[in-house]
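S.K.:
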Amino acid sequence: MIVGMKKVAVIMQAKDSAQGLKALRSFGMLHIENQQVPKSTNLNILLDDYALVQQGLEVLSEEEFIEHCQGDLRYKEVSDWKITCRHTLDLWKRIDHLEGYSLVLNREVKEWEKWGDFDPQAVAELLKRNIYCGLYKIPIKDFNNLSGDYVIKRIHLEDTIVYCAIISQIKPLLDFKEIELPKMSLSAMKNKLVENKLIIDRLQQELHQQLCFRGAFEKVKANLENEIEFENILSGMAQETKLSYLVGFAPHDCEKQLLDLSKKEKWGILITEPSEEDNVPVLIRNPKLIALINPVLKLLEILPGYRELDISLWFLLFFGVFFGMLIGDAGYGIVYFLLTAFSQVKFGKKIKDKSPFFLFYLLSFCAIIWGLLTGVFFGQEWLKEIGWKPLVPALNDAKVIQSFCFLLGAIHLSIAHIWRTILKIPSLLALAELGWIAILWGAYYLARFLILGYEFPFFGKWLIFSGIALVVLFTQPQKNILKAIGSGCGTLALNLMNNFTDIVSYVRLFAVGLAGVAIADTFNSMAAGVRGESILGLTLAIVVVSAGHLLNIVLGLMSVLVHGVRLNVLEFCAHVGISWSGSAYKPFKENYRATDK
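This is the structure in structure tokens:
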């Protein structure tokens, strides 16, 4: 559920602002909003320092760099982190510059190897003695026709282009562009490349030794984040003569502690209910089981608005069902379960929040259960051949499963409107929500009739007509009945067809699940076709079936992210009225990473 917030204004003497903020940071429950644009000399210095250490960490965190590090890389403290960090960046920049220069030299060597080794300075000396020597690239057909008061020397032939040197007392007038001479000879270029390589190796070795300071840089970064947050809030406080004040939000159950703290610190404090105009941060607290869905919401980076509803419970319930239907294979469910167990054993100690592991255990069981109900275990056809029967054979009937998808959609979306109805009681607006529920079920029966050929029930049209009447009359009830009807008709026109298309959109659960089973059966058939009796055939069959199912397992997860999430976040939330416009509750508190190595 979304925790209720209190708006808090704290007034203190300007000279005590820094000390007061330290007390609030120790309290650790107040989400603070700046009252003016934060700016100060100290803040700019801190931001520059943060940019510096961030650059240093980026250099020391490159995978390609770490792979080649050798020697003692254990954590070491630094006496002056700025000097060490700048030295690290200087080493990296010099290496980068030399590597770039070496790339240019390599291209030059490749180009001038065709001309041979000569000294450009010698050519310049000849010109001072009135002896011209120029280099040209001339098509062979034109080269054979060249004649004049000059000597021409053929050096290299590449396809139909002749590389040549022309020597004369004056520069001849030719229709071909003269090649600009290099700045150094070919041998000098190669010597420079060797020299650069030695310098780069030495610099890289020195840079590798800096890796032991990465832990110290991370500690500096965490401290700077704390200081920047502190300075950002301090310089963002409003000032009135000798007083400073700040405004923030805190959970309603912190009110007494705030009052006690303000009394202890001798502050002025005002605690009120947030107004409609306030951008109230959102804090969601749920029981551990319902909180399993939090990793999905964090992955999507979505949060309901403060005055919206928390759909965590319904999201978790239906997401599990959707996962099972979209994956649709008990074998894949077992694979997901085993991969989750392996990940927890391998990385569980490093991850504080274990909810992602337990969420995947739950989702894996959903896939296993649906696979058992439909008789799918790494495909379906091979199970039929050995006589395995699904627990619920009807779920393999395309017509039945599509009808079930429509029913699931009608139930899912009806829950949204029932929720809204309960919140609006005893207002007449609740009747409009009942109208939408009636329209949804009318759309359900209409979808079965138009798409699947089921008989349309006699009460179906009354559901639709009664629902339309309730929506038109009670969407915006008011004394002027004509205005009320006009407003209701406008809402109806915008949303009536959406109810039908939203119900039909749940058929994606059937379509995607069926596609996954078909892919699994196809790879199984391909493997059976190449198996034969030889070792090679058996090996090839194993490769085919393993690669095919691995691909299907990955595609299954992608389909869940696309379709399973969409039905909750878009279809369901559109009917609940959630716009995901919330901002996260981020209390001003000590960052304990700053004290850790």
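Each residue of the sequence shown is one higher than the one before, counting from 5 in this note's numbering.
We treat Cβ as the ideally placed atom computed from N, Cα and C, and that holds for glycine.
(1) Considering Cα atoms alone, identify which of W119, L343, A220 is closest to L61.
(2) How would you write the range of the alpha helix (DSSP H) that Y336 sits in, first residue to last?
(3) My output table needs one value for S172: the three-state DSSP class, helix, strand or coil.
(4) Thinking just about the alpha-carbon of each residue, which of L139, Y154, D163 is nearest to the one in K145?
(5) Using 10 angstroms around the beta-carbon of I355, count the other beta-carbons present and answer buried if the total reaches 16, otherwise exposed.
(6) What did DSSP end up calling K356 once you bin it into helix, strand or coil?
(7) First and last residue of the alpha helix (DSSP H) that includes A420?
(8) At a cut of 8 Å, does the segment 200 to 207 reach the segment 96 to 114 through at least three beta carbon pairs?
(9) Taking the Cβ atom as the reference point for each residue, do L412 and E235 lie within a distance shorter than 9 Å?
(10) Taking only runs that begin and end inside the segment 213 to 239, name each unbroken beta strand (DSSP E) of 3 or more residues, in chain order.
(11) Do K590 and H35 count as a contact pair if the criterion is CB distance below 9 Å?
(12) Starting from T495, trace the alpha helix (DSSP H) in both directions and tell me its first and last residue.
(13) For F504, I'd like the list of residues in its chain whose CB is within less than 8 Å of its CB, leaving aside the five on either flank, ordered along the chain.
(14) Can you look up E182 in the DSSP assignment and give me helix, strand or coil?
(15) Taking the alpha-carbon of G391 as reference, which of L399, N400, G379 has the nearest alpha-carbon?
(16) Which term fits V547, buried or exposed, when burial requires 16 or more other beta carbons within 10 angstroms of its beta carbon?
(17) By Cβ distance, which residues of its chain are closer than 6 Å to G138, with the 5 residues on each side in sequence left out?
(18) Tell me which same chain residues have a C-beta within less than 6 Å of the C-beta of S563, skipping the five on either side of it?
(19) When the Cβ atoms of the segment 243 to 262 are set against those of the segment 21 to 34, are three or more pairs found closer than 8 Å?
(20) So what's I36 in DSSP terms, helix, strand or just coil?
(21) Go ahead and pull the three-state DSSP assignment for F327.
(22) Quick one: residues in its chain with C-beta nearer than 7 Å to the C-beta of R512, no 5 flanking neighbours on either side, listed in chain order?
(23) What residue from F362, L438, V349, N230 has the CA that sits closest to Y593's CA?
(24) If we ignore side chains and look at the alpha-carbon of each, how far apart do L293 and W85 end up?
(25) Identify every run of the beta strand (DSSP E) within the segment 247 to 298, keeping only runs that are complete inside it and at least 3 residues long; order them along the chain.
(26) With DSSP as the reference, identify every bridge partner of V12, one or two as the case may be.
(27) Contact check, F319 vs L417 under 8 Å by CB: the rounded distance?
(28) Candidates V224, P308, S491: which alpha carbon is nearest N595's?
(29) For W374, which of helix, strand or coil comes out of DSSP?
(30) Can you tell me which of the three DSSP states E437 falls into?
(31) Please report the residue range of the alpha helix (DSSP H) in which I546 lies.
(32) Pull up the CB-CB distance for V286 and A588, whole angstroms please, since I reckon it's below 8 Å.
(33) On the DSSP bridge assignment, give the partners of G138 in chain order.
(34) Spell out the partners DSSP gives E162 in its beta bridges.
(35) By how many angstroms is the C-alpha of I557 removed from the C-alpha of A254?
(36) What span of residues does the alpha helix (DSSP H) with Q23 cover, start to end?
M.R.: With the structure as the only source:
(1) A220
(2) That run of the alpha helix (DSSP H) goes 334 to 351.
(3) strand
(4) Each of L139, Y154, D163 was checked against the Cα of K145, and the nearest Cα belongs to D163.
(5) Around the beta-carbon of I355, fewer than 16 other beta-carbon atoms lie within 10 Å, marking it exposed.
(6) coil
(7) 402 to 428
(8) Yes: the two stretches touch, three or more of their Cβ pairs being nearer than 8 Å.
(9) no
(10) none
(11) yes
(12) 485 to 509
(13) A447, L450, A451
(14) strand
(15) G379
(16) exposed
(17) I170, E182
(18) L330, V516
(19) yes
(20) strand
(21) Shown here, F327 sits in a helix according to DSSP, grouped into three states.
(22) H567
(23) First, the residue type needs correcting, since residue 593 is Lys and not Tyr in the sequence shown. With distances taken between Cα atoms, K593 lies closest to N230.
(24) The C-alpha of L293 lies about 45 Å from the C-alpha of W85.
(25) 247 to 255, 272 to 276
(26) G252, I275
(27) About 14 Å; that fails the 8 Å criterion.
(28) V224
(29) Reduced to three states, the DSSP call for W374 is helix.
(30) helix
(31) Membership of I546 in the alpha helix (DSSP H) is indicated by the continuous run 539 to 563.
(32) 6 Å
(33) I170
(34) I165
(35) 44 Å
(36) Per DSSP, the unbroken alpha helix (DSSP H) holding Q23 starts and ends at 21 to 31.
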